[in-house]
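Using mature numbering (1 follows the signal peptide of the UniProt record, and there is no 0), the letters of the sequence shown correspond one by one to residues -15 to -1, 1 to 479. Built from N, CA and C at the ideal position, the CB exists for glycine as well. Quick notes on the structure that follows.
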Amino acid sequence: MLHFFILVFLGSARQYSIELKSQQTQQHLIELVNLLQHSHAQLLELQHYERIGQDLQGLLKFETVFLEKQINKKNLKHQKHHNKKEGKHKKRQHQYMIVNEALMDVIPLTHEEKDVFQNSGSLVPIDFGIEQQMEHQSQKLLSTERISNGAYIADVPLTNIANTMFIGKLQIGSAKGKNTFDVIFDTGSALTCIASEQCKDIGCQKSKRYNRAESKSFNEIGKQVEIVFGSGTLKGLINREQINVDGLNLKDALFIEVTQQIGDAFHEGEFDGIVGLGYPHMTGVPTLFDYMMKQHKLHQNIFTFHLNRATGNSGSQLIFGGSDDSQIKGQWVYHNVHEQFYWSIMAEEIRVGNKNTGICSQQHKCKMVIDTGTTLLTGPTKEVRTLLSMIRVEPKCQNFPTMPDITFVIDGNNYVLQPKDYILTITQAGVEPPYQHSSMDQIVGCAGTIFPLDLPPKQGPLWILGDVFITKYSAKFDREKNRVGLALNKNVLK
């Protein structure tokens, strides 16, 4: 998302030895599971939990961590520290333009770019009824398939990095052989950001970097911007460049040339940039998808994520201009976007097993953001505490066979996550979903993929349905009718 909440790295450590660039990421995985366990223990006011680490031989070791009894006092202390840091941060803000205000006031936009905001609707909520549309004609798509009217359907293969992030290819600039980058296509943010040759931070040094001097299509604006995500901050320059997505050539598109990266997610990540596919109202400038629409590149003004839980190059894809209905079971069900900022839809109920949690209701619906840039499920702290207290994940998943399903009821439709969907376990082999090993006796640690996250109004409070959800339910994002389609992914692991 714009607050790129937690691009959290969770997954199978056993597979990481092949797929990840460094052993440090394995330790990072374990630390993040520890973070989940710690946050859950605090929310449920438990006395202790077992922290997981590694000894010199790389074997797992465990240490009992006792939590402070006065949790509220600790939270108050943390809040004071946060406020102090925030005050220092505000003093520095005059140096950069923070991207939560309209960039259109300071960036020279073309008439066509300004039209994006006139045609995409206002920020007021729209009706959130459901529109059922059955699409009986399945289509199997080929990469960059040209339709008879001259528009395209483009298929971008995505690489699954151990169910933590999905990486696709993007070309920026005219320097052939040097202009292809690995990016995260993120429906929770709205800017295209690429690591620059000018960036000397650790995260940039690990990434492939864009060099403007090698591109004849570079067009300088040079405005400095700062983009604050939940897991780090990017600073850079906003400029124009030719961008190519699987054969779709977009001329003079705005992008951020990242000159500084702050935050562990960017340092540990295996990507060179982020492509935001949210609504342009987030930033006040067109998104990459807006350029596709304005330049009439697409067969339909939709894009679809089919995410496969099998790691590596195993069929996950992002399709611009259509969908691959051979990848789903049943039909698409459409939900109107509540507010044209995030891709948010409204849920009237959250169930644990057969019990209504009381978190949402017909009178007080919950905002659900479908976000491909977040790995986990997140929600407001109070509601996450309620959910966890009803699930009760035991330290070593002893109760896994009897753990309940979590059901999100959206416009009368049930979207069910089973324990195998929302639980991660730690074995002597590393971090993995529970269905990947035969015996529950092998489990030495257990954590739910649900994290507390509080957003202030205007956009909060809200829930994020991240990749944990989208790997089970394919998601179609329709800018023409401002709706999200959901359908069961046929590749969901049994």
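Per-residue burial, Ser423 [other beta carbons within 10 Å of its own, 16 or more giving buried]:
With a pLDDT of only 49 at Ser423, under 50, the local geometry of the prediction cannot be trusted, and the value read off the model is given with reservation. Answer is exposed; the Cβ neighbour count stays below 16.
Roughly how many angstroms lie between the CA atoms of Phe274 and Ile187, to the nearest whole one?
Answer to the nearest angstrom: the Cα atoms are 30 Å apart.
Cα-Cα, which of Ile455, Gly232 and His320 is closest to Asp356?
Comparing Cα positions, the closest option is Ile455.
Note down the Cα distance separating Ala139 from Leu235, rounded to an integer number of angstroms.
One Cα belongs to Ala139, the other to Leu235, and the distance between them is close to 13 Å.
In this structure, how does DSSP classify Cys189 when only helix, strand and coil are distinguished?
Looking at Cys189 - three-state DSSP - the assignment turns out to be helix.
Given Phe436, which residues of its chain have a CB within under 6 Å of its CB, disregarding the five upstream and five downstream residues?
Contacts found: Leu361 and Thr363.
By a C-beta neighbour count over all protein chains shown, 10 Å radius and 16 as the cutoff for buried, is Ile335 buried or exposed?
By the 10 Å Cβ count, Ile335 comes out buried.
Gly162 beta carbon less than 8 Å from that of Phe203
Contact: no.
Reduced DSSP secondary structure (H/G/I, E/B, other) of Asp396:
It is coil, neither helix nor strand.
Give the secondary structure of Ala432 by DSSP, where H, G and I count as helix, E and B as strand, and everything else as coil.
Ala432: strand per DSSP, three-state reduction.
Does DSSP put Gln8 in a helix, in a strand, or in coil?
Residue confidence is low: Gln8 scores 48 on pLDDT, short of 50, so the model does not pin down where it sits. Its coordinate-derived value is still stated next. Assignment of Gln8 by DSSP, reduced to helix, strand and coil, places it in the coil class.
Can you look up Ala472 in the DSSP assignment and give me helix, strand or coil?
Ala472: strand per DSSP, three-state reduction.
When you compare each of Thr366, Val230 and Arg468 to residue 485 by their alpha carbons, which one comes out closest?
For residue 485 there is no data in the structure shown, the boundaries of the chain being -15 and 479.
So for Tyr458, helix, strand or coil by DSSP?
Of the three classes helix, strand and coil, the one that applies to Tyr458 here is strand, per DSSP.
Please report how far the alpha carbon of Arg370 lies from the alpha carbon of Ile330, in whole angstroms.
Roughly 22 Å separates the two Cα atoms.
With Ile336 as the anchor, note down where its alpha helix (DSSP H) starts and where it stops.
Going by the sequence as given, residue 336 is Arg instead of Ile. Element bounds for Arg336: not the alpha helix (DSSP H) but the beta strand (DSSP E), Glu334 to Val337.
Below 8 Å CB to CB, which residues in the same chain sit around Gln156 once its five sequence neighbours on both sides are set aside?
Same-chain partners within the cutoff: Asn164, Thr165, Phe166, Ile228, Asn229 and Val230.
According to DSSP, is Thr272 helix, strand or coil?
Thr272: coil per DSSP, three-state reduction.
Could you give the distance in angstroms between the alpha-carbon of Ser346 and the alpha-carbon of Gln403?
Taking the straight line from one Cα to the other gives about 22 Å.
Residues sharing a beta bridge with Lys314, DSSP:
Looking at the DSSP assignment, Lys314 forms a beta bridge with Leu473.
Whole angstroms is fine: what's the gap from Gly217's alpha carbon to Leu176's?
Rounded to the nearest angstrom, the two C-alpha atoms are 15 Å apart.
Since Gly433 contacts Leu373 with CB under 8 Å, what's their CB separation in whole angstroms?
Contact flag correct, Cβ pair sits at about 7 Å.
DSSP beta-bridge partners for Lys208?
Here Lys208 is bridged, per DSSP, to Ile223.
Would Leu262 and Phe170 be called neighbours here (beta carbons separated by less than 8 Å)?
Note that the C-beta distance between Leu262 and Phe170 is below 8 Å.
Tell me the DSSP secondary structure of Val378 in three-state form.
Reduced to three states, the DSSP call for Val378 is coil.
If you draw a straight line from the C-alpha of Thr359 to the C-alpha of Thr144, how long is it?
Roughly 16 Å between the two C-alpha positions.
Out of curiosity, what's the CA-to-CA distance linking Phe240 and Ala332?
The alpha-carbon atoms of Phe240 and Ala332 are separated by roughly 34 Å.
State the Cα-Cα distance for the pair Lys191 and Lys340, rounded to the nearest angstrom.
If I take the Cα positions, the gap works out to 47 Å.
Shortest alpha-carbon distance to Glu205 belongs to which of Val213, Leu219, Lys193 and Glu226?
Of Val213, Leu219, Lys193 and Glu226, the residue nearest in Cα terms is Glu226.
One question on the structure: do Asp390 and Asn148 come within less than 8 Å of each other, judged by their Cβ atoms?
Judged by their CB atoms, Asp390 and Asn148 are not nearer to each other than the 8 Å cut-off.
The alpha helix (DSSP H) that contains Pro404, what's its start and end?
Residues Pro404 to Tyr407.
Gly221 beta carbon less than 8 Å from that of Val210:
Yes, Cβ-Cβ distance for Val210 and Gly221 is below 8 Å.
Looking at the structure shown, is His349 part of a helix, part of a strand, or coil, going by DSSP?
If DSSP states are grouped into helix, strand and coil, His349 belongs with coil.
For Val378 and Glu48, the rounded distance between their alpha carbons
Whole-angstrom Cα-Cα distance: 19 Å.
Grouping DSSP H, G and I as helix and E and B as strand, with all else coil, what is Ala139?
Reduced to three states, the DSSP call for Ala139 is strand.
State buried or exposed for His33, treating a residue as buried only when at least 16 other CB atoms are found within 10 Å of its CB.
Exposed is the call here.
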